[in-house]
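Q: The structure is given below, and queries will be raised subsequently.
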Amino acid sequence: MTSATLASGFGLILVFTALVALMAKPFGLWLFAVYEGRTTPLHRVLGPVERAFYRVAGINPNQEQDWRQYAVHLMLFQVVTVIFTYAVLRLQGSLPMNPRGLAGLSPDGAMNTAIAFVTNTNWQWYAGETVLSNLSQMLGLTIHNFLSAATGIAVAFALFRGFARAETRHLGNFWADLTRVTLYVLLPACIVYALYLVASGVPQTFASLIDAKTLEGAHQAIVVGAVASQEAIKMLGTNGGGFYNANSAHPFENPTALVDFVQMLSIFALGAGLTYTFGKAVGNTRQGWAILWAMLLLFVAGASFAWWREAAGNPMLHHLGVMGANMEGKEVRFGAAASALFAAVTTAASCGAVNAMHDSFTALGGLVPLFNMQLGEIVIGGVGSGIYGFLLFAVLAVFLAGLMVGRTPEYVGKKVEAREVKLAVLAIVILPLCILGLTAVAVVLPAGLAGPLAKGPHGFSEILYAFTSATANNGSAFAGLTAGTPFYNGLLGVAMWLGRFLIVIPVLAIAGSLASRKHTPAGPGSFPTTGGLWIGLLVATILIVGGLTFLPSLALGPVADHLTGAAGLLY
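So, in structure tokens, the structure goes:
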């Protein structure tokens, strides 16, 4: 790999990062208008639709809820939608828009998939084009790409109100937040995005099969469907579940290098925008920029490391005289640099879409996606979940800062007391407990050990990656793991549910606690939370608290993989 090629890869990372920073303010202002419930030009068309929803459902959007009511309504919605999706997948064989006559999914497979899409994980143990009908893809899956993303943003809005409001129990109305985010942000953006994808060559049709003539003169049946509409919300909503098994490596999902770059930008668009929305909500946009700079600092470091290791290539191939970057499992139309960047983007966010096979990355190149998820996917993160997860670390960091200056910690005008710190720690430790605990179960039981195709350190990495991805609600995989078994469907379903809602509930409890407090003006002893010192403290807290928890698992997996010279080609 020449120095010019290496530099071009780093240049791609920096250009991408700069564009993300530029997108933050316009997307943040759009989200802030919805957060405040302001009338926008879209209300002329969609306002009647919103009001009709409320009338049919019997909802008063002006009736606000405390954190317990918000949480109960949110959880009831999740349970009902899981049951609905499970029914659609189980009854697929008897439902319309199934010209290939595909049978319904197994009980464990349907439940795993329903939980995956409701929790914004979009874990897929199956090849979508061979298992799911068009109706299942649209009604069973795509609908949740909207609703799960809107749920994450709704929780973020509730937390923002907790910081912004004073001496109140109210955090807004879950149903109003869910409806407005869907109607005024996700739906219009995805319509425009889907049209762009169709113009770029992504299929959008109710047909199920097309007959193609190959170069050899043979005929091949190719599965098509409503791909563009699913692809748009898959990326913008940081969902990640693809229409095809190859996901964004498939040319029908991601046909060109330009589309690939736009898809990466769309993964970060709303997550970056929410940092600016937070700053606007608390009346100090510098707070939002500080969060974004901390996120981007972590992102650039991870993406650069991944590209450096993939550019170094596969040492086993080098011994055979084949030099250059590691191209195993990557698409030539994207190249190694864009593939490494995509892997960092999709795991820094809770997207899980892939344009290359992470299982084929070099050992240390594959460490970056794994580590991004094990930090809690707070480096931009999923829509809503990234910012509220990051603010948990901010609460912890300001608590540490308060100890250093010898006074009660304050953040954006609110005193952070023992209750908030305990709740933040509770939410943060859910991730390591689930990842390490469930991985330990899988590596000692025969049903778990039967899953990985590789043995030794890389086989352990395949299991560790699966439970990391599920708990962090990402959905990508080291695809060498055979996960479509009752054992893995069940255990990964538990990980996805716990990883989503055992964080959401403490976050809402923190929001409720903060909203009841008075605003405290900053004083001479207050720790500044907008400058370089604060950004450094945030990054250090995230790396120490979020990162060091996983050093034992990393040593057993990717690091041991690297030290034994075991790169992807060996498997």
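In this note's numbering, the protein residues as written are 1 to 571.
Each residue gets a CB set at the ideal place from its N, CA and C atoms; glycine is no exception.
Just so it is clear, the structure is predicted and the values come from calculations on it, not from any experiment.
Could you check what DSSP says for K518 in three-state terms: helix, strand or coil?
A: To locate residue 518, count along the sequence shown from 1; it is residue 518. The answer is coil: DSSP assigns K518 none of H, G, I, E or B.
Q: Report yes if the CB atom of L91 is closer than 7 Å to the CB atom of S136, and no otherwise.
A: As a first step, residue 91 must be located in the sequence shown, where it is residue number 91. As a first step, residue 136 must be located in the sequence shown, where it is residue number 136. No, they are not a contact pair.
Q: To the nearest angstrom, how far is it from the Cα of L186 to the Cα of W30?
A: Taking the first residue of the sequence shown as 1, we reach residue 186 at position 186. Taking the first residue of the sequence shown as 1, we reach residue 30 at position 30. If I take the Cα positions, the gap works out to 11 Å.
Q: Go ahead and pull the three-state DSSP assignment for Q204.
A: For the purposes of this step, residue 204 is identified with residue 204 of the sequence shown, where counting begins at 1. Look at Q204 here: in three-state DSSP terms it is strand.
Q: S385 to A156, Cα distance in whole Å?
A: In the sequence shown, residue 385 corresponds to position 385, counting from 1. In the sequence shown, residue 156 corresponds to position 156, counting from 1. Those two C-alpha atoms are separated by around 7 Å.
Q: Applying the 10 Å Cβ sphere with the 16-neighbour rule, what's the burial state of A18?
A: Start at 1 with the first residue of the sequence shown, and residue 18 comes out as number 18. Classification of A18: exposed, given that the 10 Å Cβ count is below 16.
Q: Can you confirm whether the stretch 226-238 touches the stretch 191-208 when touching is taken to mean that 3 or more C-beta pairs between the two stretches lie within less than 8 Å?
A: yes
Q: Which of the three DSSP states, helix, strand or coil, is assigned to H219?
A: Along the sequence shown, one-based indexing puts residue 219 at 219. Reduced to three states, the DSSP call for H219 is strand.
Q: Starting from I210, follow its DSSP beta bridges and name the residues at the other end.
A: Counting from one through the sequence shown, the residue named residue 210 turns up at place 210. Looking at the DSSP assignment, I210 forms a beta bridge with I222.
Q: Quick check on the burial criterion: 16 or more other C-beta atoms within 10 angstroms. Buried or exposed for I544?
A: Working through the sequence shown from its first residue, we reach residue 544 at position 544. The residue is exposed, with fewer than 16 neighbouring Cβ atoms inside 10 Å.
Q: Given M295, which residues of its chain have a CB within under 6 Å of its CB, disregarding the five upstream and five downstream residues?
A: Within the sequence shown, numbered from 1, the residue matching residue 295 stands at position 295. If we look at M295 and ignore the five residues flanking it on each side, its Cβ neighbours are V379, I380.
Q: Between L491 and T471, which are expected to be in contact by the criterion C-beta below 8 Å, what is the C-beta distance as a whole number of angstroms?
A: Stepping through the sequence shown from its first residue, residue 491 is reached at position 491. Stepping through the sequence shown from its first residue, residue 471 is reached at position 471. Between T471 and L491 the Cβ distance is about 11 Å, and since that is not below 8 Å, they are no contact.
Q: Can you tell which of F160, L431, F84, V181 has its C-alpha closest to the C-alpha of G649?
A: Any answer about residue 649 is impossible in this case: the structure gives the chain only from 1 up to 571.
Q: At what residues does the alpha helix (DSSP H) containing H319 begin and finish?
A: Walking along the sequence shown from the start, residue 319 turns up at place 319. Here the alpha helix (DSSP H) through H319 covers 315-319.
Q: For Y411, list the residues DSSP reports as bridge partners.
A: Taking the first residue of the sequence shown as 1, we reach residue 411 at position 411. According to DSSP, which records beta bridges pairwise, Y411 is partnered with K414.
Q: Which class does A325 belong to by DSSP, given the choice of helix, strand or coil?
A: Indexing the sequence shown from 1 puts residue 325 at position 325. Coil, per DSSP.
Q: Within the chosen definition, does the stretch 403-416 reach the stretch 311-329 through at least 3 CB pairs nearer than 8 Å?
A: Cβ pair count under 8 Å is below three, so no.
Q: Examine the Cβ distances between the stretch 288-305 and the stretch 214-226 and report whether three or more of them are shorter than 8 Å.
A: no
Q: Within the chosen definition, does the stretch 357-372 reach the stretch 270-285 through at least 3 CB pairs nearer than 8 Å?
A: no
Q: Distance, Cα to Cα, A522 vs W534?
A: On the sequence shown, residue 522 is found 522 positions in, with the first residue counted as 1. On the sequence shown, residue 534 is found 534 positions in, with the first residue counted as 1. Between A522 and W534, the C-alpha separation is close to 15 Å.
Q: Quick check on this structure: which residue in M327, G459, F305, V15 has the alpha carbon closest to the alpha carbon of G313?
A: Translated into positions along the sequence shown, residue 313 becomes position 313. Among M327, G459, F305, V15, the Cα nearest to that of G313 is on M327.
Q: With 16 as the cutoff for other CB atoms within 10 Å, does M323 come out buried or exposed?
A: On the sequence shown, position 323 is the one that residue 323 refers to. Exposed: under 16 other Cβ atoms inside 10 Å.
Q: According to DSSP, is G568 part of a helix, a strand, or is it coil?
A: Along the sequence shown, one-based indexing puts residue 568 at 568. Its pLDDT being 40, under 50, G568 is placed unreliably by the model, and nothing is read from it.
Q: Once DSSP output is grouped into helix, strand and coil, what is the label at P107?
A: By one-based count along the sequence shown, residue 107 stands at place 107. Helix.
Q: Distance, Cα to Cα, V202 vs I13?
A: Against the sequence shown, residue 202 aligns to sequence position 202. Against the sequence shown, residue 13 aligns to sequence position 13. Here the C-alpha atom of V202 lies approximately 26 Å from the C-alpha atom of I13.
Q: Work out the CA separation of F501 and L171 for me, nearest whole Å.
A: Within the sequence shown, numbered from 1, the residue matching residue 171 stands at position 171. Within the sequence shown, numbered from 1, the residue matching residue 501 stands at position 501. Going by the C-alpha atoms only, they are around 18 Å apart.
Q: When you compare only the Cα positions, how much space is there between L46 and L183?
A: Residue numbering aside, residue 46 sits at position 46 when the sequence shown is read from its first letter. Residue numbering aside, residue 183 sits at position 183 when the sequence shown is read from its first letter. The alpha-carbon atoms of L46 and L183 are separated by roughly 7 Å.
Q: Distance check for P506 and L426, CA to CA, integer angstroms please.
A: Walking along the sequence shown from the start, residue 426 turns up at place 426. Walking along the sequence shown from the start, residue 506 turns up at place 506. If I take the Cα positions, the gap works out to 7 Å.
Q: Is the beta carbon of Y244 sitting closer than 7 Å to the one on E331?
A: Reading the sequence shown from its first residue, position 244 is the one you call residue 244. Reading the sequence shown from its first residue, position 331 is the one you call residue 331. The answer is no: Cβ separation not under 7 Å.
Q: Rounded to the nearest angstrom, what separates K234 and G240 at their Cα positions?
A: Position 234 of the sequence shown, counted from the start, is the residue given in the question as residue 234. Position 240 of the sequence shown, counted from the start, is the residue given in the question as residue 240. Each residue's Cα considered, the two are about 5 Å apart.
Q: Which residue spans inside the stretch 322-391 form an unbroken alpha helix (DSSP H) run of at least 4?
A: 335-348, 367-374
Q: Does DSSP put L186 in a helix, a strand or coil?
A: Taking the sequence shown and counting its residues from 1, the one referred to as residue 186 is at position 186. Note: L186 maps to helix in three-state DSSP.
Q: Return the CA-CA distance between M111 and V504, expressed in angstroms with no decimal places.
A: The residue given as residue 111 occupies position 111 in the sequence shown. The residue given as residue 504 occupies position 504 in the sequence shown. Cα to Cα, M111 sits roughly 21 Å from V504.
Q: Beta-carbon within less than 7 Å of V345's beta-carbon, same chain only, minus the 5 sequence neighbours each way: which residues are those?
A: Against the sequence shown, residue 345 aligns to sequence position 345. Excluding its 5 nearest sequence neighbours in each direction, V345 has C-beta neighbours in its own chain below 7 Å: M264, I267, F268, listed in chain order.
Q: Taking A418 as the reference, which of P457, F399, A176 has the closest Cα?
A: Numbered from 1 along the sequence shown, position 418 holds the residue referred to as residue 418. Ranking the options by Cα distance to A418, first place goes to F399.
Q: Using the rule of at least 16 other Cβ atoms within 10 Å of the residue's Cβ for burial, across every protein chain shown, is L258 buried or exposed?
A: Here residue 258 is taken as the residue at index 258 of the sequence shown, counted from 1. Taking a 10 Å sphere around the C-beta of L258, we find fewer than 16 other C-beta atoms and assign the residue as exposed.
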